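**Q** A single structure is presented below for examination.
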Amino acid sequence: MKIGNVYIGSLLIFEKIRIADTFFRRFMGLMGKKSFDGFSGLLLLPCDQIHTFFMKMNIDAVYLDHNMKVISVMPCIDTGKIMPKVKNARSVLELPEGMADKYGIRTGDILSVMRAATE
1320 MKIGNVYIGS
1330 LLIFEKIRIA
1340 DTFFRRFMGL
1350 MGKKSFDGFS
1360 GLLLLPCDQI
1370 HTFFMKMNID
1380 AVYLDHNMKV
1390 ISVMPCIDTG
1400 KIMPKVKNAR
1410 SVLELPEGMA
1420 DKYGIRTGDI
1430 LSVMRAATE
């Protein structure tokens, strides 16, 4: 799996996220996971809707358009939920619960992902 770092401008906010850019990796996502296993988050690409079935932790979801502009932030999503589709979303960054607020991610922010490695 590809690994990357997430920035707002030149500020590194999340180091070592997994990038799920194949059907199988997106399908598996965080199902069955109790934690992010040493990673800061999971970027689902392409994606405009998520669920939290079979997950064992709550998450934050940051929906991004094709320019990596934040178009929606859904904090503290419980397990066992289907979230609504987000119009114009092209990817979703799943984060540990509370991280979007902790790092001040807001609608309108522009994120960038620099690929760092392959796992």
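Residues in the sequence shown are numbered from 1320 upward in steps of one, following my numbering.
In this text, a Cβ means the ideal position worked out from N, Cα and C, and glycines have one as well.
On a predicted model such as this, the values are computed, not experimentally measured, just so you know.
1. Alpha carbon to alpha carbon, how far is LEU1412 from ALA1380?
2. Between ILE1327 and LEU1430, which are expected to be in contact by the criterion C-beta below 8 Å, what is the C-beta distance as a whole number of angstroms?
3. For GLY1399 and PHE1355, what's the separation of their Cα atoms in angstroms?
4. Exposed or buried, what is ASN1395 when buried is set at 16 or more other beta-carbons lying within 10 Å of its beta-carbon?
5. My assumption, with CB atoms under 8 Å, is that VAL1389 sits in contact with ILE1424. Please give the rounded CB distance.
6. Starting from the Cα of MET1347, find the closest Cα among ASP1384, ASP1367, LEU1363 and MET1387 and give me that residue.
7. With distances taken from CA atoms, which of ASN1407, MET1402, PHE1372 and PRO1403 is nearest ASP1384?
8. Quick one: is SER1410 buried, meaning 16 or more other Cβ sit within 10 Å of its Cβ, or exposed?
9. Let me see if you follow: with CB-CB separation under 8 Å, is ALA1435 close to chain D or not?
10. Determine whether the beta carbon atoms of LYS1321 and ASP1367 lie at a separation below 8 Å.
11. Which of the three DSSP states is assigned to ASP1379 in this structure?
**A** Per the coordinate set shown:
1. 6 Å
2. 6 Å
3. 17 Å
4. What sits at residue 1395 in the sequence shown is Cys, not Asn. Exposed, by the Cβ-count rule.
5. 6 Å
6. LEU1363
7. ASN1407
8. buried
9. Of the protein chains in this structure there is only one, and it is not chain D.
10. no
11. strand
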